[in-house]
Amino acid sequence: MIIQQVEGAADEDGRTPSIWDVFAHAGHSRVAAGNVACDQYHKYKEDVKLMADMGLEAYRFSISWSRLLPSGRGPINPKGLQYYNNLIDELTTHGIQPHVTLHHFDLPQALEDEYGGWISQEIVRDFTAYADTCFKEFGDRVSHWTTINEVNVFALGGYDQGITPPARCSPPFGLNCTNGNSSIEPYIAVHNMLLAHASATNLYKQQYKFKQHGSVGISVYTYGVVPLTNSVEDKQATARVNDFYIGWILHPLVFGDYPETMKTNVGSRLPAFTEEESEQVKGAFDFFGVINYMALYVKDNSSSLKPHFQDFTTDMAVEMTLFGNTSLENEFANTPWSLQQILLYIKETYRNPPVYILENGLSLSLSASLRFQVIT
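If you're matching positions, the sequence shown starts at 3 in the working numbering and goes up one per residue.
Right, here's the structure in full:
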C-alpha cells in the first residue's frame, strides 16, 4: 500500500515532507493528506494480525524515502529504520511475504527543491544510494522489490496534467499550471526513472542477488484497449496506445530503446539513450509489475499531430473513452478480459517476461444492494 494510504505519522520521528505531503497540504489532492491515514506506523502489529487472520500470504507496501533518509541522502533516520525493521519482522513472523516498493509518488521534497527531482539526472545517484540502503538493511528478509510504482502514470499526472505531485504542467494541458512543461517533462522524468531503476537493479544484481536471492522489478499502469471501429486507422491507434503506455517503459528494458512509434511522433522531445545507457537499461529487470483496472475504446486522431501544443496524448494521436457505461461517476465497466489481454500482449511482445499482477480490481459505487460471497 502507498504510505499515504496506510502509514500515517507524517511528521513524527524525524520524517520530512515528501512531494505528496506538499501537494496534499496545498489543497491539490482530492483525498486526505495522509497525516494519520490508517496509522499503521503505530498499529502495524494489529494490522499484521488482521492480515494473518485473513490468511494473506503476502503484503505489498512502500517505504517512505523521506522517513528513512530525511534529507533524501546521507544519514539514516534510526527511528525510520526501526519502524521498517519492525514491520518486516512482524510480517515474516506471521509467515507473510513482504513485497516492497521503493518509490510511490513520494520523492523527498528536499530533492525536489534542490534540483527538480525526477527532471534532473542527479536523481539517479540519489535513488541508487537510497535503494542500496534498503537492500542492505532489509534484503535479508525482503526478496521482492519494486523500484518505482506506475512510472507512466506518475509522469503523466505529475509532469503533464498536474493532477498528482509534483504538479508540474503547462497550458493548455494541465490544471492550474504554475511551472513545468507538459511537452517535454513527462518524457524527461520517465527517462530518468528508467536510468535510476536500471542503476538500482544492476547494483542489486552485482552486490546482493548472490546472497539475498531476491528479484527487482518495476510497475506499469495498463489499460485494456479496443478499437472504436474496425477501421485500419483505429486499429493502428490502438497499437499506439500500447506503445505509448506500456512500451514507453517496457521496450527500453527489453530492447534497449523506445518504441519506433514514440520516436517518430515525439521526435526530438523524446530523450535518446546513449549506447552506454541503452546497455544499462536493457535487461535491467527480474519481473514486470502489471496494474490494470479498466479498458478503453480507442479512436484515431492523427490530426492532433501538429507542431504546436504537443503533449503525451496529442503525440499518441488518439481519442480514448472508457469502455462500457461511462455515465456513472467513479464507476467503471467490469472488464476482466482486459487483464488477460494485457498479460498476453506483454508475453507476446516482450519475450514472455516474469510478471506479477500487483493491482487489479473493479470500481463500483457503494450500494446497499451489493452482495459479496465469501469463498473459503
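By construction, the Cβ of each residue, glycine as well, lies at the ideal position given by its N, Cα and C atoms.
Straight-line gap, residue i to residue j (C-alpha atoms, nearest Å)
i: residue 349; j: residue 13; result: 43 Å
i: residue 50; j: residue 360; result: 19 Å
i: residue 232; j: residue 212; result: 50 Å
i: residue 358; j: residue 287; result: 12 Å
i: residue 343; j: residue 322; result: 17 Å
i: residue 204; j: residue 262; result: 26 Å
i: residue 304; j: residue 38; result: 46 Å
i: residue 128; j: residue 207; result: 18 Å
i: residue 144; j: residue 306; result: 46 Å
i: residue 214; j: residue 160; result: 34 Å
i: residue 180; j: residue 254; result: 32 Å
i: residue 44; j: residue 11; result: 8 Å
i: residue 260; j: residue 270; result: 13 Å
i: residue 148; j: residue 293; result: 13 Å
i: residue 121; j: residue 192; result: 9 Å
i: residue 256; j: residue 300; result: 26 Å
i: residue 119; j: residue 210; result: 27 Å
i: residue 317; j: residue 238; result: 14 Å
i: residue 164; j: residue 136; result: 30 Å
i: residue 23; j: residue 71; result: 16 Å
i: residue 356; j: residue 68; result: 30 Å
i: residue 41; j: residue 85; result: 12 Å
i: residue 216; j: residue 146; result: 6 Å
i: residue 277; j: residue 246; result: 22 Å
i: residue 258; j: residue 80; result: 39 Å
i: residue 345; j: residue 101; result: 20 Å
i: residue 182; j: residue 285; result: 32 Å
i: residue 19; j: residue 90; result: 23 Å
i: residue 229; j: residue 241; result: 9 Å
i: residue 308; j: residue 267; result: 10 Å
i: residue 275; j: residue 351; result: 21 Å
i: residue 9; j: residue 78; result: 19 Å
i: residue 153; j: residue 362; result: 16 Å
i: residue 367; j: residue 158; result: 26 Å
For residue j and residue i, believed in contact at Cβ under 8 Å, the rounded distance
i: residue 168; j: residue 116; result: About 13 Å separates the two Cβ atoms, so there is no contact after all.
i: residue 16; j: residue 82; result: 6 Å
i: residue 226; j: residue 340; result: 2 Å
i: residue 46; j: residue 88; result: 7 Å
i: residue 188; j: residue 290; result: Contact doesn't hold; Cβ gap of about 20 Å is too wide.
i: residue 251; j: residue 222; result: 5 Å
i: residue 171; j: residue 184; result: 5 Å
Outcome for residue i when other beta-carbon atoms lying within 10 angstroms are tallied against a minimum of 16
i: residue 194; result: buried
i: residue 64; result: buried
i: residue 310; result: exposed
i: residue 353; result: exposed
i: residue 56; result: exposed
i: residue 142; result: exposed
i: residue 178; result: exposed
i: residue 219; result: buried
i: residue 76; result: exposed
i: residue 454; result: Nothing can be reported for residue 454: it is not among the residues displayed for the chain, which extend from 3 to 378.
i: residue 176; result: buried
Contact set for residue i: own chain, Cβ-Cβ below 8 Å, skip 5 residues either direction
i: residue 365; result: 295, 296, 332, 333 and 334
i: residue 25; result: 31, 166, 167, 168 and 169
i: residue 197; result: 123, 126, 279, 282 and 283
i: residue 98; result: 50, 53, 54, 58, 59, 60 and 61
i: residue 337; result: 226, 296, 297, 325 and 326
i: residue 92; result: 46, 47 and 50
i: residue 235; result: 302 and 304
i: residue 243; result: 225, 227, 298, 300, 318, 320 and 322
i: residue 347; result: 244 and 248
Own chain, CB closer than 7 Å to residue i, minus 5 neighbours either side, in chain order
i: residue 139; result: 83
i: residue 265; result: 272
i: residue 130; result: 198, 201, 202 and 205
i: residue 174; result: 311
i: residue 134; result: 205
i: residue 28; result: none
i: residue 162; result: 171, 175, 176, 184, 188, 313 and 314
Residues of its chain near residue i, where Cβ-Cβ distance is below 6 Å and the 5 sequence neighbours each way are ignored
i: residue 21; result: 109, 111, 114, 167 and 168
i: residue 155; result: 223
i: residue 103; result: 64, 148 and 151
C-beta neighbour in chain C for residue i, strict 8 Å
i: residue 104; result: The structure shown contains no chain C; it is built from a single protein chain.
Inside the region 166-253 only - alpha helix (DSSP H) runs reaching at least 4 residues: 187-209, 211-214 and 234-244
Please list the segments of the alpha helix (DSSP H) lying wholly inside the region 114-148, counting only runs of 4 or more residues, in order along the chain. 124-140
For a minimum of 3 consecutive residues, which ranges assigned as the beta strand (DSSP E) are wholly contained in the region 250-311? 289-302
Which runs of the beta strand (DSSP E) fall wholly inside the region 18-95 and span at least 3 residues, in chain order? 60-64
Within the region 319-370, note down every full alpha helix (DSSP H) run reaching 4 residues or more, in order along the chain. 338-351
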